[in-house]
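Undergrad: Could you have a look at this structure, given as structure tokens, before my questions?
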Amino acid sequence: MPKPEKLIVKIENVHKAYGKEKVLRGISMDINESEVVVLVGPSGTGKSTLLRCINQLTVPDSGKVWVDGVELTNPKTDKDKARQHIGMVFQDFNLFNHLTTLDNIMLGLVHVLGMKKEEAYDKAMLELERVGLANKYGSYPGQLSGGQKQRVAIARSLAMEPIVMLFDEPTSALDPELIGEVLTVMKDLAEGGMTMICVTHEIGFAREVCSRIVFMEHGEIVEQGLPVKMLNNPDMQRTKDFLGKISVLD
Numbered sequence: 087m088p089k090p091e092k093l094i095v096k097i098e099n100v101h102k103a104y105g106k107e108k109v110l111r112g113i114s115m116d117i118n119e120s121e122v123v124v125l126v127g128p129s130g131t132g133k134s135t136l137l138r139c140i141n142q143l144t145v146p147d148s149g150k151v152w153v154d155g156v157e158l159t160n161p162k163t164d165k166d167k168a169r170q171h172i173g174m175v176f177q178d179f180n181l182f183n184h185l186t187t188l189d190n191i192m193l194g195l196v197h198v199l200g201m202k203k204e205e206a207y208d209k210a211m212l213e214l215e216r217v218g219l220a221n222k223y224g225s226y227p228g229q230l231s232g233g234q235k236q237r238v239a240i241a242r243s244l245a246m247e248p249i250v251m252l253f254d255e256p257t258s259a260l261d262p263e264l265i266g267e268v269l270t271v272m273k274d275l276a277e278g279g280m281t282m283i284c285v286t287h288e289i290g291f292a293r294e295v296c297s298r299i300v301f302m303e304h305g306e307i308v309e310q311g312l313p314v315k316m317l318n319n320p321d322m323q324r325t326k327d328f329l330g331k332i333s334v335l336d
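Each residue of the sequence shown is one higher than the one before, starting from 87 at the first, in our numbering.
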């Protein structure tokens with residue numbers, strides 16, 4: 087018998103507004119273990135806000151979010167503890183410039199997970215090797231390219247052994263020639279079974295490795311489905327128009 091699917095992230099009727107601007111309008115979605123879900127849509131349509139609602143960096147006005155069976159929207163939940171199992175990679179790296187690559191990764195292991203420094207060192211080096219940057223362990227962020235900084239940010243998240251990784255346009259701040267090295271790491275993660283939710287317009291990545299494309303507009307899910315369906319024959323004309331435009335750019 088096939089192994090039953092394990093629900094990792096559950097989003098139920100999530101709403102979020104900033105003043106009169108309704109950014110999320112009742113979003114509901116389930117993400118199972120090892121799924122790679124790509125969120126696409128016009129700027130300002132709520133994709134990044136949805137990611138931030140998952141790990142509670144942004145608190146929804148209403149609705150519920152569960153990660154690995156824990157309801158993060160429950161006021162009684164220890165959100166800091168729950169976030170330890172949610173990796174988040176932003177477009178602007180968020181590395182500490184005064185710390186080496188190695189120390190940036192060790193920081194959370196020592197001060198959040200309580201690892202001994204020797205153990206944290208070994209773990210950090212392992213993750214740097216995983217993203218192809220073991221030789222940069224003593225470098226500072228200012229000595230790295232944008233692609234290398236983003237790979238360090240990914241390694242930092244992976245070191246915490248997350249159950250799900252959230253990527254918020256991880257290649258948008260990079261020069262075109264550096265995008266590929268970050269996407270290669272993301273592809274390796276996907277092939278290794280990491281559950282991932284990605285805001286990205288890298289359609290080549292979506293076509294190759296994602297399990298579902300979700301098209302959002304005006305804070306709502308317009309359509310979602312398998313990449314081959316969404317990219318070649320979506321049901322909605324609006325989806326076809328949008329994906330057609332960014333596919334040309336890819």
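Heads up, the beta-carbon is just placed ideally off N, CA and C, and yes, glycines get one too.
I need the straight-line Cα distance from W152 to G112, nearest angstrom please.
TA: 15 Å
Undergrad: I need the boundaries of the beta strand (DSSP E) containing Y223, first residue and last residue.
TA: Segment: none, Y223 is in no beta strand (DSSP E) and carries neither H nor E.
Undergrad: Please report the straight-line C-alpha distance between A241 and V123, rounded to a whole angstrom.
TA: 20 Å
Undergrad: Taking the beta carbon of N318 as the centre, do at least 16 other beta carbons fall within 10 Å, making it buried, or is it exposed?
TA: exposed
Undergrad: Is DSSP giving G330 helix, strand or coil here?
TA: helix
Undergrad: Does the contact criterion of 3 or more C-beta pairs under 8 Å hold for the region 249 to 260 versus the region 128 to 138?
TA: yes
Undergrad: Give the range of the beta strand (DSSP E) segment to which S114 is assigned.
TA: Boundaries of the beta strand (DSSP E) around S114: 107 to 118.
Undergrad: Alpha carbon to alpha carbon, how far is K326 from N118?
TA: 26 Å
Undergrad: Please name the residue or residues paired with Y104 in a DSSP beta bridge.
TA: E107
Undergrad: For the putative contact between A239 and N183, defined by C-beta atoms under 8 Å, what is the C-beta separation to the nearest angstrom?
TA: A239 to N183, Cβ: 13 Å. No contact.
Undergrad: Tell me whether the region 210 to 228 and the region 92 to 106 touch, counting them as touching only if at least three CB pairs, one residue from each stretch, are closer than 8 Å.
TA: no
Undergrad: Considering only their Cβ atoms, is the gap separating V95 from P146 smaller than 7 Å?
TA: If you check the CB distance, P146 and V95 do not come in under 7 Å.
Undergrad: Assign M201 to one of three DSSP states: helix, strand, or coil.
TA: coil
Undergrad: Can you give me the C-alpha to C-alpha distance between L93 and K150, rounded to a whole angstrom?
TA: 15 Å
Undergrad: Assign L268 to buried or exposed, taking buried as 16 or more other Cβ atoms, counted over all protein chains shown, within 10 Å of its Cβ.
TA: Contrary to the premise, residue 268 reads as Val rather than Leu in this sequence. Label assigned to V268: buried.
Undergrad: What number of angstroms, rounded off, separates the C-alpha of V217 from the C-alpha of S148?
TA: Answer to the nearest angstrom: the Cα atoms are 38 Å apart.
Undergrad: In the DSSP assignment, find the unbroken alpha helix (DSSP H) run with V295 in it and report its ends.
TA: First-last of the alpha helix (DSSP H) with V295: 289 to 295.
Undergrad: Considering only the alpha carbon of each residue, which of E157, I283, G232, F301 lies closest to L260?
TA: G232
Undergrad: Got a sec, what are the start and stop residues for the beta strand (DSSP E) G218 sits in?
TA: For G218, no beta strand (DSSP E) run applies, since DSSP gives it neither H nor E.
Undergrad: Quick check: what's the CA-CA separation for V334 versus I172?
TA: Because V334 sits at a pLDDT of 49, beneath the cut-off of 50, its placement in the model cannot be relied upon, and the point is left open.
Undergrad: Identify the residues that DSSP records as bridge partners of G173: which are they?
TA: Partner(s): M251.
Undergrad: By alpha-carbon positions, which one of M316, R293, E294 ends up nearest to M302?
TA: M316
Undergrad: Do the region 242 to 249 and the region 183 to 200 touch if we need at least three Cβ pairs shorter than 8 Å?
TA: The region 242 to 249 vs the region 183 to 200: in contact.
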